[in-house]
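Before any comments, here is the structure.
Residue numbers (the numbering used here): 2 to 160.
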(Lines of atoms letter the chains of each structure in order from A and count residues from 1; the text may use other names and numbers.)
(Lines give C-alpha, C1' and ligand atoms only; values in the text may rest on other atoms or scores of the structure.)
Protein backbone atom coordinates (compact mmCIF):
# COMPACT_ATOMS: atom_id res chain seq x y z
CA UNK A 1 0.00 0.00 0.00
CA UNK A 2 2.82 2.39 0.87
CA UNK A 3 4.45 1.86 -2.54
CA UNK A 4 1.20 2.73 -4.35
CA UNK A 5 0.90 5.91 -2.28
CA UNK A 6 4.46 6.90 -3.14
CA UNK A 7 3.71 6.35 -6.84
CA UNK A 8 0.75 8.74 -6.61
CA UNK A 9 2.75 11.60 -5.09
CA UNK A 10 4.40 12.67 -8.37
CA UNK A 11 1.06 12.43 -10.21
CA UNK A 12 -0.77 14.53 -7.62
CA UNK A 13 2.07 17.07 -7.61
CA UNK A 14 1.91 17.33 -11.40
CA UNK A 15 -1.85 17.87 -11.29
CA UNK A 16 -1.52 20.62 -8.69
CA UNK A 17 1.19 22.41 -10.68
CA UNK A 18 -0.90 22.11 -13.84
CA UNK A 19 -3.96 23.52 -12.09
CA UNK A 20 -1.99 26.52 -10.81
CA UNK A 21 -0.48 27.07 -14.26
CA UNK A 22 -3.94 26.98 -15.84
CA UNK A 23 -5.15 29.77 -13.57
CA UNK A 24 -1.96 31.75 -14.15
CA UNK A 25 -2.24 31.27 -17.91
CA UNK A 26 -5.86 32.47 -17.91
CA UNK A 27 -4.95 35.72 -16.13
CA UNK A 28 -1.96 36.42 -18.34
CA UNK A 29 -3.78 35.19 -21.42
CA UNK A 30 -6.55 37.71 -20.73
CA UNK A 31 -3.98 40.45 -20.36
CA UNK A 32 -2.35 39.45 -23.65
CA UNK A 33 -5.73 39.40 -25.41
CA UNK A 34 -6.61 42.84 -23.99
CA UNK A 35 -3.29 44.20 -25.27
CA UNK A 36 -3.84 42.64 -28.70
CA UNK A 37 -7.38 44.08 -28.94
CA UNK A 38 -6.09 47.52 -27.92
CA UNK A 39 -3.22 47.29 -30.41
CA UNK A 40 -5.68 46.35 -33.18
CA UNK A 41 -7.73 49.49 -32.41
CA UNK A 42 -4.54 51.57 -32.54
CA UNK A 43 -3.38 49.98 -35.80
CA UNK A 44 -6.83 50.51 -37.35
CA UNK A 45 -6.19 54.27 -37.07
CA UNK A 46 -3.25 53.90 -39.44
CA UNK A 47 -1.33 56.47 -37.41
CA UNK A 48 2.03 57.07 -39.06
CA UNK A 49 2.61 60.54 -37.61
CA UNK A 50 1.31 61.80 -34.29
CA UNK A 51 2.22 63.76 -31.19
CA UNK A 52 1.52 63.18 -27.51
CA UNK A 53 2.48 64.24 -24.03
CA UNK A 54 4.49 61.64 -22.16
CA UNK A 55 5.54 61.37 -18.56
CA UNK A 56 7.52 58.57 -16.96
CA UNK A 57 8.34 57.98 -13.34
CA UNK A 58 11.17 55.50 -12.89
CA UNK A 59 14.83 55.09 -12.06
CA UNK A 60 15.79 55.48 -15.69
CA UNK A 61 17.94 57.65 -17.91
CA UNK A 62 15.13 59.69 -19.45
CA UNK A 63 14.28 63.25 -18.58
CA UNK A 64 10.63 62.26 -18.59
CA UNK A 65 9.92 63.03 -14.96
CA UNK A 66 8.87 66.34 -16.44
CA UNK A 67 6.25 65.91 -19.15
CA UNK A 68 7.64 65.91 -22.65
CA UNK A 69 5.94 66.42 -25.99
CA UNK A 70 6.92 63.65 -28.38
CA UNK A 71 6.39 63.97 -32.13
CA UNK A 72 6.52 60.82 -34.24
CA UNK A 73 6.81 61.05 -38.04
CA UNK A 74 6.53 57.97 -40.23
CA UNK A 75 6.83 55.72 -37.19
CA UNK A 76 10.07 57.25 -35.83
CA UNK A 77 10.56 59.88 -33.16
CA UNK A 78 11.22 63.22 -34.81
CA UNK A 79 11.46 65.40 -31.72
CA UNK A 80 11.06 65.49 -27.96
CA UNK A 81 10.50 68.81 -26.19
CA UNK A 82 10.30 69.41 -22.46
CA UNK A 83 6.93 70.93 -21.61
CA UNK A 84 7.23 74.37 -20.07
CA UNK A 85 10.89 74.73 -20.96
CA UNK A 86 12.62 76.03 -24.06
CA UNK A 87 14.43 73.73 -26.40
CA UNK A 88 14.36 70.18 -27.57
CA UNK A 89 15.99 67.12 -26.10
CA UNK A 90 19.36 66.35 -27.67
CA UNK A 91 18.72 64.33 -30.86
CA UNK A 92 21.16 61.65 -29.69
CA UNK A 93 18.82 60.97 -26.73
CA UNK A 94 15.63 60.47 -28.77
CA UNK A 95 15.99 56.68 -28.57
CA UNK A 96 15.38 56.93 -24.81
CA UNK A 97 11.76 57.90 -25.47
CA UNK A 98 9.04 55.56 -26.75
CA UNK A 99 6.67 55.60 -29.66
CA UNK A 100 3.19 54.21 -29.07
CA UNK A 101 4.26 50.94 -30.73
CA UNK A 102 7.16 50.70 -28.27
CA UNK A 103 4.74 51.21 -25.37
CA UNK A 104 2.77 48.21 -26.63
CA UNK A 105 6.06 46.27 -26.67
CA UNK A 106 6.66 47.33 -23.05
CA UNK A 107 3.26 45.90 -22.13
CA UNK A 108 4.15 42.69 -24.02
CA UNK A 109 7.36 42.45 -21.96
CA UNK A 110 5.37 42.83 -18.73
CA UNK A 111 3.11 39.99 -19.86
CA UNK A 112 5.94 37.76 -21.11
CA UNK A 113 7.89 38.20 -17.88
CA UNK A 114 4.76 38.04 -15.68
CA UNK A 115 5.58 41.26 -13.87
CA UNK A 116 4.81 41.23 -10.16
CA UNK A 117 2.85 44.46 -10.63
CA UNK A 118 1.04 44.93 -13.92
CA UNK A 119 -1.58 47.64 -14.46
CA UNK A 120 -2.41 48.97 -17.90
CA UNK A 121 -5.17 51.34 -19.00
CA UNK A 122 -5.96 51.84 -22.67
CA UNK A 123 -7.65 54.69 -24.49
CA UNK A 124 -11.26 53.51 -24.79
CA UNK A 125 -11.66 54.38 -28.48
CA UNK A 126 -8.17 54.46 -29.99
CA UNK A 127 -6.57 51.65 -27.97
CA UNK A 128 -3.15 53.11 -27.19
CA UNK A 129 -1.86 52.68 -23.61
CA UNK A 130 -2.65 55.77 -21.52
CA UNK A 131 -1.08 54.41 -18.33
CA UNK A 132 1.39 51.57 -17.77
CA UNK A 133 2.50 50.59 -14.28
CA UNK A 134 5.06 47.78 -14.15
CA UNK A 135 7.22 46.33 -11.44
CA UNK A 136 8.91 43.27 -12.84
CA UNK A 137 10.12 41.99 -9.47
CA UNK A 138 9.01 43.35 -6.10
CA UNK A 139 12.35 42.32 -4.57
CA UNK A 140 14.44 44.08 -7.22
CA UNK A 141 15.27 47.72 -6.61
CA UNK A 142 14.65 50.33 -9.27
CA UNK A 143 12.86 48.20 -11.87
CA UNK A 144 9.42 49.72 -11.36
CA UNK A 145 8.03 52.38 -13.71
CA UNK A 146 4.88 54.32 -14.43
CA UNK A 147 4.34 55.79 -17.88
CA UNK A 148 1.44 57.96 -18.99
CA UNK A 149 0.29 59.27 -22.35
CA UNK A 150 -2.08 62.22 -22.75
CA UNK A 151 -3.21 64.61 -25.47
CA UNK A 152 -2.43 62.32 -28.40
CA UNK A 153 -3.11 64.00 -31.74
CA UNK A 154 -2.93 62.37 -35.15
CA UNK A 155 -0.87 64.29 -37.67
CA UNK A 156 -1.08 61.81 -40.52
CA UNK A 157 -2.65 58.42 -41.11
CA UNK A 158 -1.98 55.89 -43.85
CA UNK A 159 -5.65 54.89 -44.22
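Where is the CB? At the ideal position from N, CA and C, for every residue including glycine.
- The beta carbon of residue 154 is closer than 8 angstroms to those of 51, 52, 53 in its chain, skipping five residues each way along the sequence.
- Residue 58 holds the alpha-carbon nearest to the alpha-carbon of residue 69 among 117, 33, 58.
- Under the three-state reduction of DSSP, residue 44 is assigned to helix.
- Sixteen is the threshold: when 16 or more other Cβ atoms of the shown chains lie within 10 Å of the Cβ of residue 130, as they do, the residue is buried.
- According to DSSP, residue 90 shares a beta bridge with no other residue.
- Residue 40 places its beta carbon 7 angstroms or farther from that of residue 98.
- A direct Cα-Cα distance of roughly 10 angstroms separates residue 76 from residue 103.
- Pairing residue 123 with residue 87, the inter-Cα distance amounts to about 31 angstroms.
- Membership of residue 97 in any beta strand (DSSP E) is not indicated, and neither H nor E is assigned to it by DSSP.
- For residue 108 against residue 120, the beta-carbon gap comes to about 10 angstroms, at or over 8 angstroms, which does not count as contact.
- For residue 70, the enclosing beta strand (DSSP E) has its first and last residue at 69-74.
- Per DSSP, the continuous beta strand (DSSP E) segment holding residue 151 begins and ends at 145-158.
- Residue 104 is not bridged by DSSP to any residue.
- For residue 119, the enclosing beta strand (DSSP E) stretches over residues 118-123.
- Taking each of 85, 139, 71, 46 in turn and checking the Cα distance to residue 126, the smallest one comes out for 46.
- Residue pairing by DSSP places residue 127 opposite no residue, since no beta bridge is assigned to it.
- By the criterion of a C-beta distance shorter than 7 angstroms, residue 89 is surrounded in its chain by 80, 81, 82, once the five residues flanking it on both sides are discounted.
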